[in-house]
Amino acid sequence: MSYEEFYRRSIEQPEAFWAEQARAIHWHKPPERILDYDRPPFRRWFVGGETNLCYNSLDRHLEARGDQLALVAISSETGQTRELSYRELHREVNAFAAVLKSLDVVRGDRVVIYMPNMAEAVFAMLACARIGAVHSVVFGGFAAHNLALRIDDARPKLLICADAGMRGGKVIPYKPLVDAACAEAASPPPRVLVVNRGLDPALRLIAGRDLDYAGLRAQHAEATVEVEWLESNEPSYLLYTSGTTGKPKGVQRDVGGYAVALALSMWSIYDVRAGQVMFSTSDVGWAVGHSYNVYGPLIAGATSVLYEGLPTHPDPGIWWRICEQYGVRTMFSSPTGIRVLKKQDAAWLKAHDLSRLQWLFLAGEPLDEPTAHWITDGIDKPIIDNYWQTETGWPVLALMPGLDMRPIKFGSPGLPTPGYRLRVIDEATGRDVGANEKGVLVIVPPLPPGCMSTVWNDDARFLSSYFGHFKELLYSSLDWAIRDDDGYTFILGRTDDVINVAGHRLGTREIEESVASHPAVAEAAVIGVHDELKGQVPVVFATLKQAGDQDAARVAAGMRQCVVDQLGAVARPARVYVVAALPKTRSGKLLRRSIQALAESRDPGDLSTLDDPAALDEVQRALARGADA
Ligand code: AMP
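Terminal number for the sequence shown in numbering that gives the first Met the number 0: 628, no gaps in between.
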């Protein structure tokens with residue numbers, strides 16, 4: 000079937016289309032109603048249907064492919080590789096689920112998972128799914144304060160962590176960060192389950208709270224745990240993401256709609272079917288990790304390759320060696336990952352047999368054309384840019400080689416995927432802009448299956464964050480876009496104060512709050528500034544409470560440390576400038592866009608609302624003088 004026909008059917012006859020797609024997964028009880036849209040913009044897919052993500056990922060495949068590899072977890076940090084067949088993964092997940100049950104974790108309970116890309120992170124996620132517990136994986140690069148915020152919002156019954164992660168050969172202990180987060184949190188989990196890889200000799204378990212996973216696993220090694228059948232719209236997991244406020248939003252995903260959307264995306268977009276191999280370089284802490292390292296490939300009956308380590312360690316050929324060794328068909332990475340490799344000898348791209356690799360998908364941030372050309376030429380494979388958000392859970396824009404490959408246009412993530420009714424509209428009037436004109440990318444609700452159901456515990460925030468921007472009820476992507484005459488969409492960056500650092504989404508507000516926690520700081524403005532490698536980097540401009548009598552360099556270094564300690568190294572400011580004043584509007588709003596423009600040597604734009612022109616000069620002087628840290 001042609002792409003156009005397939006897409007049109009998904010838009011014109013959504014219920015028939017999705018009813019058909021729903022047959023790709025196992026339903027313990029079939030849905031009674033395909034779509035309930037009685038309470039816009041909330042929608043429920045496959046109402047009354049009962050299913051389970053773990054069953055669809057594992058049990059369903061045991062008969063036909065029990066001995067096929069399900070998960071390959073490779074760590075170039077520890078030097079270990081774990082290969083698990085569907086049967087072995089099923090056994091590990093059952094043991095893990097039995098441990099969870101022995102700790103009184105039941106359906107609907109939240110479980111925070113704070114682990115690096117190791118096999119047990121996948122076991123833990125699937126074990127939660129099996130018993131109907133709601134997992135909330137927190138990216139291991141986030142520091143204690145960030146973890147504490149997520150704990151207090153999710154109120155978990157249990158936290159599962161590793162003793163440590165590793166990066167570039169250096170051990171990064173996780174457990175002390177968990178202890179600090181639990182000390183800071185208002186509602187810390189009563190129990191912490193520690194998966195100890197023996198990386199941190201200083202690991203200490205707190206009696207009465209902390210438990211060692213290995214001991215419990217041994218008690219439950221042969222257990223089988225019955226699947227908890229969930230109504231399609233019950234929550235499967237939470238995944239926190241940054242917005243414009245300092246408080247991250249818990250994106251809540253359902254069960255049935257998510258499984259159906261992933262099943263569809265696996266064959267049609269990623270061109271991976273049962274028995275084939277997918278390698279995603281993402282971390283389990285991100286949306287890509289959830290959808291395409293864990294649930295997507297397993298629901299499809301494919302083999303998922305998980306990688307812990309740098310793209311350049313032990314050498315810059317490591318990713319391609321993995322592709323050769325496991326016969327990877329589809330690889331999924333980020334533009335930053337490729338830009339890291341671009342700094343290395345291009346000969347590494349030719350050092351391995353990539354004859355079985357068909358596609359390299361890149362997502363998470365804008366793919367610049369030079370990088371796209373470099374990697375296309377280097378590995379001689381089609382590079383498919385795809386655009387999505389944590390909120391959507393699967394691509395909004397992509398090309399669909401598993402269905403009907405359309406021509407690649409460099410700089411564009413392509414065409415709308417099934418179920419997404421997209422418009423590009425004028426920010427002020429809400430009217431559609433013409434072809435090749437810039438506007439805001441919006442999704443006409445109801446959102447397709449797989450997208451978020453709501454913000455955890457906060458329907459009002461779901462409405463105001465995403466649906467409160469226009470007179471019409473529309474989901475704002477908060478991204479600028481242009482659609483060309485052929486319907487290809489180009490993404491031009493965020494409309495809000497969210498920045499994208501190496502494909503990681505960070506809220507400038509969170510970083511500002513962290514900088515302002517330094518006792519000497521009066522106020523801070525954080526902006527994202529263009530960076531050759533990471534796309535954007537955070538840059539801080541701050542005023543001090545007592546100007547003049549402070550050592551600017553020392554205070555600036557202290558601000559940077561506050562961010563690293565509270566939020567994690569991912570948010571580390573690239574530069575910190577101490578200034579006498581920050582440019583604001585007359586109503587007191589920080590003019591972040593003007594500061595950003597100056598920092599990128601661009602025109603500061605409309606300054607009609609600027610309160611004090613001297614503040615802008617001050618920023619310019621600071622830029623000319625150079626950063627304080
Ligand atoms: P996250 O929720 O962390 O995946 O971040 C989503 C945001 O990343 C989007 O709103 C975009 O701003 C950006 N993004 C993701 N994929 C792409 C892409 N292929 N091209 C341009 N921007 C992208």
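Each residue gets a CB set at the ideal place from its N, CA and C atoms; glycine is no exception.
Computed from a predicted structure; not experimentally measured.
Residue i: which of the options sits nearest, CA to CA?
| i | options | result |
| --- | --- | --- |
| Pro365 | Pro172, Asp602, Thr335, Cys561 | Thr335 |
| Asn232 | Gly242, Gly214, Gly256, Tyr212 | Gly256 |
| Val562 | Gly140, Leu57, Asp484, Ala350 | Gly140 |
| Gly242 | Gly506, His529, Val137 | Gly506 |
| Ser56 | His289, Asp162, Ile159, Arg109 | His289 |
| Ala23 | Phe331, Val432, Val497, Trp266 | Trp266 |
| Arg592 | Leu309, Val276, Arg493 | Arg493 |
| Ala184 | Val110, Arg42, His144, Thr329 | His144 |
| Pro296 | Gly284, His312, Trp318, Ala260 | Ala260 |
| Asp495 | Gly527, Val514, His89 | Gly527 |
| Thr244 | Ser464, Asp530, Glu617 | Ser464 |
| Arg86 | Cys53, Leu99, Lys533 | Cys53 |
| Tyr486 | Arg405, Gly557, Val536, Val454 | Reading off the sequence shown, one finds Gly at residue 486, where the question assumed Tyr. Ranking Arg405, Gly557, Val536, Val454 by Cα distance to Gly486 puts Arg405 first. |
| Ile205 | Arg216, Phe16, Arg422, Ala179 | Ala179 |
| Arg630 | Pro175, Ser235, Trp318, Glu512 | The structure shown does not extend to residue 630, since the chain is modelled only from 0 through 628, so no value can be given for it. |
| Phe5 | Lys437, Asp35, Met399 | Met399 |
| Pro448 | Lys28, Ala96, Val254 | Val254 |
| Ala97 | Arg553, Val575, Val577, Ala217 | Ala217 |
| Trp347 | Ser452, Asn456, Thr370, Ile378 | Ile378 |
| Cys160 | Ile112, Met124, Phe278, Arg420 | Ile112 |
| Ala201 | Ser186, Pro189, His529, Lys174 | Lys174 |
| Leu396 | Val177, His27, Ser476 | Ser476 |
| His529 | Gly438, Ala434, Ala598 | Ala598 |
| Arg574 | Ala556, Thr584, Asp564 | Ala556 |
Rounded to the nearest angstrom, what separates residue i and residue j at their Cα positions?
| i | j | result |
| --- | --- | --- |
| Arg559 | Asp627 | 11 Å |
| Glu390 | Trp373 | 30 Å |
| Val539 | Leu606 | 21 Å |
| Val304 | Leu61 | 19 Å |
| Ile171 | Ala568 | 11 Å |
| Ala524 | Leu589 | 7 Å |
| Leu440 | Trp387 | 12 Å |
| Asp458 | Gln619 | 42 Å |
| Pro572 | Ala501 | 13 Å |
| Ser354 | Ile321 | 13 Å |
| Leu148 | His351 | 44 Å |
| Ser333 | Asn385 | 10 Å |
| Glu323 | Gly316 | 11 Å |
| Trp358 | Lys380 | 6 Å |
| Pro518 | Ala541 | 12 Å |
| Val432 | Pro247 | 32 Å |
| Glu225 | Asn116 | 27 Å |
| Glu49 | Ala21 | 12 Å |
| Tyr474 | Ala596 | 28 Å |
| Arg81 | Phe331 | 20 Å |
| Ile510 | Ala570 | 7 Å |
| Ala222 | Gly249 | 32 Å |
| Leu615 | Pro582 | 5 Å |
| Cys181 | Thr311 | 34 Å |
| Glu531 | Ser600 | 15 Å |
| Asp376 | Gly308 | 25 Å |
| Phe469 | Arg624 | 42 Å |
| Thr329 | Pro29 | 32 Å |
| Arg420 | Cys450 | 13 Å |
How close, in whole Å, do the beta carbons of residue i and residue j come, if the pair is a contact with beta carbons under 8 Å?
| i | j | result |
| --- | --- | --- |
| Ser9 | Pro417 | 4 Å |
| Ala480 | Phe489 | 6 Å |
| Val121 | Leu158 | About 17 Å; that fails the 8 Å criterion. |
| Leu83 | Ala126 | Rounded, the Cβ-Cβ distance is 14 Å, inconsistent with contact. |
| Val276 | Val327 | 5 Å |
| Thr453 | Phe41 | 7 Å |
| Asn93 | Glu227 | The pair is not a contact, with the Cβ atoms about 13 Å apart (cut-off 8 Å). |
| Val497 | Arg504 | 6 Å |
Between residue i and chain C, is there a C-beta pair that is closer than 8 Å?
| i | result |
| --- | --- |
| Tyr6 | The structure shown contains no chain C; it is built from a single protein chain. |
Touching by the beta-carbon criterion (3+ pairs, under 8 Å), the stretch 124-132 and the stretch 100-114: In short, these stretches touch, since the Cβ pair count reaches three.
### Message
Taking contact to mean 3 or more Cβ pairs, one atom from each stretch, closer than 8 Å, check whether the stretch 149-162 and the stretch 542-549 are in contact.
### Response
The stretch 149-162, when compared against the stretch 542-549, does not touch it at the 8 Å Cβ threshold.
Cβ pair count under 8 Å reaching 3, the stretch 398-410 against the stretch 426-437: The stretch 398-410, when compared against the stretch 426-437, does not touch it at the 8 Å Cβ threshold.
Within the chosen definition, does the stretch 205-220 reach the stretch 188-197 through at least 3 CB pairs nearer than 8 Å? With a cut-off of 8 Å on Cβ pairs, the stretch 205-220 is in contact with the stretch 188-197, counting three or more such pairs.
Cβ pair count under 8 Å reaching 3, the stretch 291-304 against the stretch 262-276: Short answer: they touch.
Discussion item. Across the stretch 72-89 and the stretch 161-179, are there enough close Cβ pairs to call them in contact, namely three or more that are closer than 8 Å?
Written reply: Yes: the two stretches touch, three or more of their Cβ pairs being nearer than 8 Å.
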